[in-house]
Amino acid sequence: MPPAFLFDLDGTLYTDEGPVPGAVEAIEELRRRGTPVRFVTNTTRTNRRALISRLASYGFRIGHEELFTPAVAAVALCRERGVGVVAPFVARELLEDLNGLELAGGVVGASGPRAPEAVLLADLGDAWTPALLNEAFRHVLNGALFVVLQKGRYWMGATGLELDAGAFAAAIEYATGKQALECGKPCPAFYQSVLAGLELTPPAGEVGRVVMVGDDLWNDVEGARKAGLEGWLVRTGKFREDVLASSGLTPDRVLGSVSEVI
Ligand SMILES: [Mg+2]
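Residue numbers (the numbering used here): 908 to 1169.
Okay, structure coming up:
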């Protein structure tokens, strides 16, 4: 049995149709066995509080401190770098998770007297406009630190696959020639921050590796493997057989759904 499990949320524990069948029971069973569980999402369209209440409405009992998001990591990164004023290009619902940072420009509108020291970019969905993209581009070109909450390629929306934040970040990177700093999955530092909180005390002898379970081949499976974890892929959410076949990637395990972890 692995010493701990990390779970992706969207596409793994739930989809737009509700909780994945058997997911609530699987998490409960792991808790009953005393196996630590953590939840690691790249969702940037909503805040931590709303995510926890959505999970609760599906029957998942998840504590605030068990849920790791890119916004939380971005705030920590800005503090480390001494950045105080940021231009947020993030969903308005996410602004409450940027506590401690002064917001100017981006989705909050006109800048104050101080130019933004950093651009924070996440998935804006239909709220993206050419004007907003150009504003972010100009700040970065003028020297603002470029921080991308996550660089997902695409995700499964209500009407089909949709471009994620990584695709928009790539446009600004291409135009400015500057590489964005990344906060969420698949960054090894993000995974390490989750593991650090687990305080695993391995017993003597052979020790299994912590497992990350998710529906994203790159962020969940490959990202976790690069951070020293096992990466297990689920055939729910954005999973596509042809993408797995052509990816050249080999998950440690492929499950029909998260219900099979127990
Ligand atoms: Mg997912």
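By construction, the Cβ of each residue, glycine as well, lies at the ideal position given by its N, Cα and C atoms.
The structure presented is a predicted model; accordingly, all values stated were derived computationally and were not measured.
Below 7 Å CB to CB, which residues in the same chain sit around residue i once its five sequence neighbours on both sides are set aside?
| i | result |
| --- | --- |
| A933 | V1165, S1166, V1168, I1169 |
| A1082 | F1044 |
| L1156 | L1124, V1128, E1129 |
| F967 | L920, V931, I934 |
| L1163 | The amino acid occupying residue 1163 in the given sequence is Gly; Leu does not appear at that position. Hits under 7 Å: R1142. |
| I959 | I969, H971, L974 |
| E1080 | Q1086, A1087 |
| P1095 | K1133, A1134 |
| Q1204 | Any question about residue 1204 goes unanswered here, given that the chain covers just 908 to 1169. |
Among residues of its own chain, excluding the 5 on either side of residue i, which ones have a beta-carbon nearer than 8 Å to its beta-carbon?
| i | result |
| --- | --- |
| M908 | R940, T942, G1115 |
| G918 | W1062, M1063, G1121, D1122, D1123, V1141, T1143, G1144, K1145, F1146 |
| L937 | F912, V944, V1168, I1169 |
| A1074 | R1060, Y1061 |
| A1201 | With the chain running from 908 to 1169 in the structure shown, residue 1201 is simply not present. |
| L1068 | Y1061, W1062, K1145 |
So, residue i versus residue j, is the Cβ gap smaller than 8 Å?
| i | j | result |
| --- | --- | --- |
| V1047 | E1089 | no |
| V990 | E1024 | yes |
| L1031 | A1043 | no |
| V947 | V1117 | no |
| D1122 | K1092 | no |
| T950 | V997 | no |
| V1014 | P995 | yes |
| A1076 | K1058 | yes |
| M1119 | G1104 | no |
| L1040 | A978 | no |
| V992 | A1011 | yes |
| L1107 | P910 | yes |
Using the beta-carbon count (16 or more within 10 Å), is residue i buried or exposed?
| i | result |
| --- | --- |
| N954 | buried |
| D1127 | buried |
| Y965 | exposed |
| Q1086 | exposed |
| G1135 | exposed |
| D923 | exposed |
| K1133 | exposed |
| A1038 | exposed |
| D915 | buried |
| L984 | buried |
| A1072 | buried |
| L962 | buried |
| T976 | buried |
| P1158 | buried |
| D1149 | exposed |
| A1051 | buried |
| A1131 | buried |
Just to confirm my understanding: we take residue i, look at its own chain, exclude 5 residues before and 5 after, and list those with CB closer than 6 Å. What are they?
| i | result |
| --- | --- |
| V1161 | L1140 |
| E1000 | T953, N954 |
| F1053 | V1026, V1047, K1085, A1087 |
| E1003 | N954 |
| F1097 | A980, G1091 |
| N1049 | none |
| L1151 | none |
| R1021 | V992 |
Does ligand 3 have even one heavy atom less than 7 Å from the beta-carbon of residue i?
| i | result |
| --- | --- |
| V1015 | No copy of ligand 3 occurs in the structure displayed; its ligands are ligand 1 alone. |
Stretch-stretch touch, CB-based, cutoff 8 Å, three pairs: the stretch 918-938 with the stretch 999-1011:
no
What is the chain-ordered set of residues for which the beta carbon lies under 6 Å from any non-hydrogen atom of ligand 1?
With the cut-off at 6 Å, the residues found are D915, D917, G918, T919, G1121, D1122, D1123, G1144.
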